[in-house]
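Remember, the numbering used here sits 2 above the position in the sequence shown when you count from 1.
Where a beta carbon is used, it is the ideal one built from N, C-alpha and C, also for glycine.
Taking it in order: structure first as structure tokens, then the write-up.
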Amino acid sequence: MMKQKWLVSYHVLMTLMILASAGIAGLLLFKVQVPPGVRVANTVLWAIYTIDYVARLALVSNRKTFLIENALDLLGIIPMHPGFALFRLGRLLRIIRIHHLFYKLGIDGKWTRNFHRFMYDTGFIYLFSISIVIICISAWLFSIVERQSLPSALWWAVTTATTVGYGDDSPHTAWGKLIATALMFGGIGFIGLLTSTITEFFTKRAAQTKPSDPETTALLQEVRALSKQVTQLQRQLNHSKKK
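Structure (structure tokens):
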């Protein structure tokens, strides 16, 4: 009982700090003039959040699983840009899940079960977290070696990982090209997995709800054809990059 009370108090405190740090990050992102004390508070919150992350990592038995499940928390302690603090909001989803808040508030229903099934049972949240980590870390390293601002580097990382490649920015140093190569292969792989996960989830759901509906059957065929085309494009892109 005491352990349960301590856990609730701990999560309430973390929730308040996460909301406070996200609010301060929003002000800094929009370049709102804030008193010096607000920036000091932001630094203190970052230090507490970092200590909390390191402590949990040290105490957990399976560190590999912890790193995957808390990938957004890792991004939340990067001090290079206030925008990274917004990733701490992902912690709130796990707090809500641990305490079954939707169920206790009486708003648990079909949509929350479907949301949980989509986010966790399919592994979407883990693939999404890893993809975000790859993009953000690549952008951070790219900004250092190419001497660019982090927002510009993030834009480059997103366009590179999604294979859009506008060409408005490209690496000029050897390290930058190495980072770009790793991001292209990693981004294509994980974003392709995200696409296939979404397609598979909705395909299975449609098949379970109306398996004999002609319109649903036609929709499933179109989805499968689209999925095959995406897979072929990814293979062609990988083959062209290897050349």
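Within-8 Å CB hit, residue i to chain C
i: Ala87; result: The structure shown contains no chain C, having only a single protein chain.
Endpoints, alpha helix (DSSP H) assigned at residue i
i: Thr161; result: 152–163
i: Pro38; result: 38–61
i: Asp75; result: 73–78
i: Leu129; result: 126–147
i: Arg99; result: 92–101
Sub-8 Å separation of residue i and residue j beta-carbons
i: Ala163; j: Ile132; result: no
i: Met19; j: Tyr51; result: yes
i: Gly178; j: Val147; result: yes
i: Ala176; j: Ala155; result: no
i: Glu71; j: Tyr128; result: yes
i: Leu185; j: Thr205; result: no
i: Leu103; j: Thr17; result: no
i: Asn44; j: Ser63; result: no
i: Thr165; j: Ile190; result: yes
i: Ala27; j: Leu69; result: no
Per-residue burial, residue i [other beta carbons within 10 Å of its own, 16 or more giving buried]
i: Ala271; result: Residue numbering for the chain in the displayed model covers 3 to 245; residue 271 lies beyond these limits and cannot be assessed.
i: Ser48; result: The sequence shown places Trp at residue 48, not Ser. When all chains shown are included, Trp48 counts as buried.
i: Phe32; result: exposed
i: His83; result: buried
i: Leu235; result: exposed
i: Leu77; result: buried
i: Leu228; result: exposed
Residue from the options whose Cα sits closest to the Cα of residue i
i: Leu91; options: Trp157, Val36, His13, Thr197; result: His13
i: Ile200; options: Arg226, Thr183, Leu180; result: Arg226
i: Val232; options: Pro153, Thr205, Ala220, Ile193; result: Ile193
i: His174; options: Ser145, Asn64, Leu152; result: Ser145
i: Ser198; options: Gly125, Leu15, Arg149, Ala220; result: Gly125
i: Ala57; options: Val40, Arg41, Asp75, Asp171; result: Asp75
i: Phe86; options: Phe187, Leu15, Ser11, Ile139; result: Ile139
i: Pro81; options: Lys230, Arg41, Asp171; result: Arg41
i: Lys7; options: Arg115, His101, Gln35; result: His101
i: Leu195; options: Arg65, Phe130, Leu30; result: Phe130
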